[in-house]
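In what follows, a structure is listed as structure tokens, so that the remarks can point back to it.
Residue numbers (the numbering used here), protein chains in the order written: chain A, 309 to 799; chain B, 4 to 408.
Structure (structure tokens):
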């Protein structure tokens, strides 16, 4: 509605009423209705059109003759566009999509208006077609429910296209789309874990505290034990004998290991889900009561050591100059280093921390890193980075010296900036589901349909998400899990 | 008009992300998407207009608190629930008897994440009649059967054509911000009757809904999940690091090593490959190891030698620079190799010297040119230094392993 009011102008209304003087009565009725704030009532063209209804507008259009095109333009700009913008702004799928990508509220509004303009043009074309064909039920394209459906379909298409575009270009992560994100493999020793992530010192402190408290809860009579054991197993925390360190169990595995009772597998899983939810709530309550302030660290985070220029600029609000200084000075072990090393002024630190900035050192694998990360994280010279990518894999750091790619001093500098060298993948290693080709997926046992769906839906971050999405039988899922891995993804 | 809807994979993923973040039930999310799609596909002439901003399901804090899962069509709230594997649907008692349930519940049967089908409608009265069978802190759960020939669009049209109920009087008493926050944070701290009033206020007042939108879900289920995953991950990394350290720092227990790793992580983050982490951890561990092996005072003395080895000198060269009696160093080396792995420093015995003499064929010259006490002191000193050298060598090996994993 706000957009409609912005676009409404008195002359435009006069223009509408000049074409259709019989609508004057409706306009005056609306005009005389009391406004909420008691001030003079401003009637927007959208409001007038909505009150008149689709049939009346369509009937009028059919009688306009040479004025039809001009009137359709008015309808496009003062009926369709504001109506669609309003619907797009409140569309939940679009909101979620933008929220997950941290699109600022103003940008969301701007993009909604932009989409509404495009969509209004399409509906204008559809309306013209109906008029041309002389269809009696052509008024349907003017119905709000028709616009609603168009918005819904357009959003589904928009999300699909944007998602695909992100995957195709990976512009926020890689300069080289064929390469995998180095953080997928090197932020953690176990590259098959989907939960790879760099942890800041503050976060590690909280995790140490969390572990201590969870260990206390397990074994304390005041706490129900079963839900906590389920959480332990599902997350692979290794606090109880049933749980294996670093191995995240699926719901089915958890049911088997803990011998959860139930007449059918579905009942067992339902029971396991209830226990998991209960356990998570117990832990959430414990964190709230005993670890105040923790929530902020785990809502969102943008690591200043690995964030792209776009993230630093758009999401953290750093100026171009600050971004340049930050990248040159990488890497940082704590946020306070940004001030100590004069990258930012102290006053800006709390501002970017509130936007989710953290400083966690990121190891960069020379055998897998993108050129962008070699340059932007390790501070490698662009030409050297290019050669390094061409000459790798390297079996050892000495190998790099022998190939005269770098001298010892440069190599030491890169190691100090976080360079590591991980073993090159051997044949027969697990397939990364987040980057696998369709054929590889089929070989793993994916059906043709599930392959197509999976390719559109990935990346996946956890096995449980994947299990919920695929809904395949237990044996097939076990096979998939044994032969594949999930690496961290850009989104 | 079909009641069945195929899900777009992208929309399922958005629903998954939301369920994981807010702690809502994925099945209910998909059920609501099914109903939304059915409404979108209905004949536009039916004028079924959705008002997502009015739906309680659009407010994360409300979803997290009471599991609201409604769609609002032409100003009517319609609750939506997924049929579980046992043929039941359930919802929070706080919703029963409120405007969220006035139009009843549309029941959706899901085929995994592939498709959903609206299969029946439960009237508000059924929920009200069942409510008494469940305790205040329990969800109301009732059996729902697939209605043969069920027409979802006709049912929804029937609902929107019915009279719009007047707002409940309780809505006139707008909750205060703090009360609403408390309700959304911990609904169980209110009696069920008050919970229902607050839900009614949320349904009927856009101001109250706006207040609820401002309530940030403090420590959402998603954030707890992230923390627990990170905890499991950090613990695994710690265990793996302890696996690497323990064979080389035998004087320290696994728990002691783990403590060193966790404390270093708190100072420098959780990445072992980070040079500052690597150096700080190994310094901490080796210093503790030296103190255990050699005793506190001796460890301090050995620091110079340790630093030389870390800087690249071989242990025997470094030791020979410190101990003037070169033969004592050779003897100490021989004794050390015979001892194998002894965890703490032990002074040399006459027997060990004897065996070393035999091995090195040194007895005549050493016996003739050294006073016995001086010789033993020199050998003991060399042994101490070599122990320190061992620790330094271990540190170097681990550093290399961490960089070239």
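Think of the CB as a built atom: it goes at the ideal place given N, C-alpha and C, for glycine as much as any other residue.
Within chain B, the residues that residue 665/A reaches when beta carbons sit closer than 8 angstroms:
For the purposes of this step, residue 665/A is identified with residue 357 of the first chain, where counting begins at 1. Neighbours of residue 665/A on chain B: none; closest Cβ ~14 angstroms, over 8 angstroms.
To the nearest angstrom, report how far apart residue 532/A and residue 592/A are at their CA atoms.
Your numbering for residue 532/A matches position 224 in the first chain. Your numbering for residue 592/A matches position 284 in the first chain. Roughly 14 angstroms between the two C-alpha positions.
If the criterion is Cβ atoms closer than 8 angstroms, does the pair residue 773/A and residue 19/B meet it?
As a first step, residue 773/A must be located in the first chain, where it is residue number 465. As a first step, residue 19/B must be located in the second chain, where it is residue number 16. Yes.
Looking at C-alpha atoms only, which residue of 597/A, 541/A, 455/A, 691/A is the closest neighbour of residue 587/A?
Locating residue 587/A in the first chain gives position 279, where the first residue counts as 1. Considering only alpha carbons, the answer is 541/A.
Taking 7 angstroms as the limit between beta carbons, can you name the residues of its chain near residue 523/A, skipping five residues before and five after?
For the purposes of this step, residue 523/A is taken as the residue at position 215 of the first chain. Excluding sequence neighbours, residue 523/A sits near 547.
Contact with chain A by residue 152/B, beta-carbon distance below 8 angstroms:
Here residue 152/B is taken as the residue at index 149 of the second chain, counted from 1. With 8 angstroms as the cut-off, residue 152/B does not count as an interface residue toward chain A.
Does the Cβ of residue 432/A have 16 or more other Cβ atoms within 10 Å, making it buried, or fewer, making it exposed?
If you number the first chain from 1, residue 432/A lands on position 124. Under this definition residue 432/A is a buried residue.
One or two residues paired with residue 91/B in a DSSP bridge
Here residue 91/B refers to the residue found at position 88 when the second chain is read from its first residue. According to DSSP, which records beta bridges pairwise, residue 91/B is partnered with 146/B.
Per DSSP, what kind of secondary structure is residue 224/B in: helix, strand or coil?
Working through the second chain from its first residue, we reach residue 224/B at position 221. Residue 224/B falls in the helix class under three-state DSSP.
Could you tell me the alpha carbon to alpha carbon distance between residue 5/B and residue 122/B, rounded to whole angstroms?
Position 2 of the second chain, counted from the first residue, corresponds to residue 5/B. Position 119 of the second chain, counted from the first residue, corresponds to residue 122/B. Cα to Cα, residue 5/B sits roughly 11 angstroms from residue 122/B.
What residues match up with residue 401/A in a beta bridge as DSSP calls it?
Numbered from 1 along the first chain, position 93 holds the residue referred to as residue 401/A. BP columns for residue 401/A are empty, so no partner.
Of all Cβ atoms in chain B, is any one closer than 8 angstroms to the Cβ of residue 603/A?
Reading the first chain from its first residue, position 295 is the one you call residue 603/A. Yes, residue 603/A lies at the interface with chain B (some Cβ there is under 8 angstroms from its Cβ).
With burial defined as no fewer than 16 other Cβ atoms inside 10 Å of the residue's Cβ, what is the status of residue 332/A: buried or exposed?
For the purposes of this step, residue 332/A is identified with residue 24 of the first chain, where counting begins at 1. Looking at its Cβ environment, which holds fewer than 16 other Cβ atoms inside 10 Å, residue 332/A is exposed.
Can you tell which of 72/B, 94/B, 61/B, 132/B has the C-alpha that lies nearest to the C-alpha of residue 401/A?
Position 93 of the first chain, counted from the start, is the residue given in the question as residue 401/A. Selected option, being the one with the closest Cα: 61/B.
Range of the contiguous beta strand (DSSP E) that encloses residue 587/A:
Counted from its first residue, the first chain places residue 587/A at position 279. Looking at the DSSP string, residue 587/A is not in any beta strand (DSSP E); the run it does join, the alpha helix (DSSP H), is 573-598.
Using a beta-carbon distance cut-off of less than 9 angstroms, what residues from the stretch 110-140 of chain B approach chain A?
114, 115, 116, 117
Under 9 angstroms from the C-beta of residue 554/A: neighbouring residues of chain B
The residue you call residue 554/A lines up with position 246 of the first chain. Ordered by position in chain B, the residues that pass the 9 angstroms Cβ test against residue 554/A are 235, 236, 238, 239, 240, 242, 243.
Quick one: list the residues of chain B neighbouring residue 329/A, beta-carbon separation under 9 angstroms, in chain order.
On the first chain, position 21 is the one that residue 329/A refers to. The premise fails here: residue 329/A is roughly 27 angstroms from chain B at the closest Cβ pair, so nothing lies under 9 angstroms.
Would you say residue 454/A faces chain B, with C-beta separation under 8 angstroms as the test?
Translated into positions along the first chain, residue 454/A becomes position 146. So yes, residue 454/A belongs to the interface.
Chain-order list of residues whose beta-carbon lies under 7 angstroms from that of residue 260/B (same chain, five-residue window excluded)
Taking the first residue of the second chain as 1, we reach residue 260/B at position 257. 245, 248, 249, 252, 288.
Local Cβ density within 10 Å of residue 97/B, reported as buried at 16 or more and exposed below that:
Residue mapping note: residue 97/B aligns to position 94 of the second chain, counting from 1. Buried: at least 16 other Cβ atoms inside 10 Å.
Just tell me which of 17/B, 35/B, 167/B, 86/B has its CA closest to the CA of residue 407/A.
Indexing the first chain from 1 puts residue 407/A at position 99. Minimum Cα distance to residue 407/A is reached at 17/B.
By Cβ distance, which residues of its chain are closer than 6 angstroms to residue 112/B, with the 5 residues on each side in sequence left out?
Locating residue 112/B in the second chain gives position 109, counting from the first residue. 86, 120, 122.
Helix, strand or coil, according to DSSP, for residue 8/B in the structure here?
Taking the first residue of the second chain as position 1, residue 8/B is located at position 5. Residue 8/B falls in the strand class under three-state DSSP.
According to DSSP, which residues form a beta bridge with residue 201/B?
As a first step, residue 201/B must be located in the second chain, where it is residue number 198. Answer by DSSP bridge pairing: none, since residue 201/B is not bridged.
Name, please, each residue of chain A whose Cβ falls closer than 7 angstroms to the Cβ of residue 214/B.
To locate residue 214/B, count along the second chain from 1; it is residue 211. Under the 7 angstroms cutoff, chain A gives no residues; its nearest Cβ is about 18 angstroms from residue 214/B.
Supposed contact pair residue 550/A and residue 537/A - C-beta distance, whole angstroms, cut 8 angstroms:
Mapped onto the first chain, residue 537/A falls at position 229. Mapped onto the first chain, residue 550/A falls at position 242. Rounded, the Cβ-Cβ distance is 6 angstroms, consistent with contact.
Nearest to residue 124/B by alpha carbon, out of 149/B, 101/B, 138/B, 144/B?
Counted from its first residue, the second chain places residue 124/B at position 121. Among 149/B, 101/B, 138/B, 144/B, the Cα nearest to that of residue 124/B is on 149/B.
Extent of the continuous beta strand (DSSP E) run through residue 120/B
Residue numbering aside, residue 120/B sits at position 117 when the second chain is read from its first letter. Note, residue 120/B: beta strand (DSSP E), 118-125.
Taking all protein chains shown into account, decide if residue 418/A is buried (16 or more other Cβ within 10 angstroms of its Cβ) or exposed.
Translated into the one-based positions of the first chain, residue 418/A becomes position 110. With fewer than 16 other Cβ atoms within 10 Å, it is exposed.
For residue 703/A and residue 93/B, the rounded distance between their alpha carbons
To locate residue 93/B, count along the second chain from 1; it is residue 90. To locate residue 703/A, count along the first chain from 1; it is residue 395. Residue 93/B and residue 703/A: Cα-Cα distance of roughly 58 angstroms.
Helix, strand or coil at residue 177/B according to DSSP, with G and I counted as helix
Position 174 of the second chain holds residue 177/B. Residue 177/B: coil per DSSP, three-state reduction.
Quick one: any contact between the stretch 187-197 of chain B and the stretch 28-37 of chain B, if contact means 3 or more CB pairs under 8 angstroms?
no
What residues match up with residue 59/B in a beta bridge as DSSP calls it?
Taking the second chain and counting its residues from 1, the one referred to as residue 59/B is at position 56. Residue 59/B pairs with nothing; no bridge assigned.
Using a cut-off of 7 angstroms between C-beta atoms, extract the partners of residue 428/A located in chain B.
Here residue 428/A refers to the residue found at position 120 when the first chain is read from its first residue. The contacting residues do not exist; residue 428/A stays about 17 angstroms from chain B at best.
Considering only C-alpha positions, which residue in the set 690/A, 711/A, 691/A is nearest to residue 700/A?
Here residue 700/A corresponds to residue number 392 of the first chain, with the count starting at 1. Here the closest residue by C-alpha is 711/A.
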